[in-house]
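Protein chains: 2
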Amino acid sequence: MKPIVTFIKEKRRALKLSQVELAFKSGVGLRFVRELEQGKTTLRLDKVNQVLALFGKQVGITDLDHVEEEEN
Amino acid sequence: MKPIVTFIKEKRRALKLSQVELAFKSGVGLRFVRELEQGKTTLRLDKVNQVLALFGKQVGITDLDHVEEEEN
DNA sequence: TCAAATCATACCCGATAAGGTATAAATATT
DNA sequence: AATATTTATACCTTATCGGGTATGATTTGA
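Right, here's the structure in full:
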């Protein structure tokens, strides 16, 4: 399972968006996008979803990665 | 995809835990467990993970449910 | 190599999440 | 039915998230 952090970074760059643009398009603050991409763990769920929605994703339940199988 | 809310409620009851016990075992406040099970969307990510960890789960990326296929 | 764009870090402020607790409502147990 | 357990609602306080912004670092590209 790919961490949210890396998913967002990859997806954003794939779409050639800057953090500023991503912030604007998703309606969150720039600060938030930065903290998000830097792996801050105390973010608010709804804000994270707000960003993920831009990529057709949302937060959901996944297995706890102990050893980690990969995919995607 | 099962919403986090329902997953937690189901899992907790399956393990015959009260909200109080769940709160204690996961190390979050009782209030948090309540708000979590009532679908509050502004919760902090790390706290949600703290609870999910008890069930071997964590928060991750899932598809946005438009029409919703079921499973599980 | 220099300039421009992008990103990281740090500060302040207002809003609110989280915890604690108390009480009421609802469920379960006897 | 009466009681005990569990859950919901409400109030208060503290800590901090999120936004804004400014500055410095890093990356990109001309």
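For the protein sequence lines, the chains are A and B, in the order given.
For the first sequence, this note's numbering begins at 17 and goes up steadily by one.
For the second sequence, this note's numbering begins at 17 and goes up steadily by one.
C-beta: ideal position from N, C-alpha, C; glycine also.
Keep in mind it's a predicted model, so treat the numbers as computed, not measured.
For residue i, is the beta carbon positioned less than 8 Å from some heavy atom of the ligand MN?
i: residue 53 (chain A); result: The ligand content of the structure shown is nil, which means the ligand MN is not present either.
Please tell me whether residue i has its Cβ less than 9 Å away from any Cβ of chain B.
i: residue 48 (chain A); result: no
i: residue 18 (chain A); result: yes
i: residue 23 (chain A); result: yes
i: residue 77 (chain A); result: yes
i: residue 31 (chain A); result: no
Does any C-beta atom of chain A lie closer than 9 Å to the C-beta of residue i?
i: residue 80 (chain B); result: yes
On the premise that residue j lies in contact with residue i, defined as a C-beta separation below 8 Å, what is that separation, rounded to the nearest angstrom?
i: residue 44 (chain A); j: residue 75 (chain A); result: Contact flag wrong, Cβ pair sits at about 14 Å.
i: residue 17 (chain A); j: residue 57 (chain A); result: No, residue 17 (chain A) and residue 57 (chain A) are not in contact; Cβ-Cβ is about 16 Å, not under 8 Å.
Taking 9 Å as the cut-off, decide whether the C-beta atoms of residue i and residue j are in contact.
i: residue 73 (chain A); j: residue 80 (chain B); result: yes
i: residue 38 (chain A); j: residue 70 (chain A); result: yes
i: residue 52 (chain A); j: residue 60 (chain B); result: no
i: residue 36 (chain B); j: residue 42 (chain B); result: no
Proximal residues, the stretch 51–75 of chain B versus chain A, C-beta separation under 9 Å: 56, 57, 58, 59, 60, 61, 62, 63, 64, 65, 68, 69, 71, 72, 73, 74 and 75
Every unbroken alpha helix (DSSP H) inside the stretch 30–57 of chain A [4 residues or more]: Fully enclosed alpha helix (DSSP H) runs of 4 or longer: 35–42 and 46–53.
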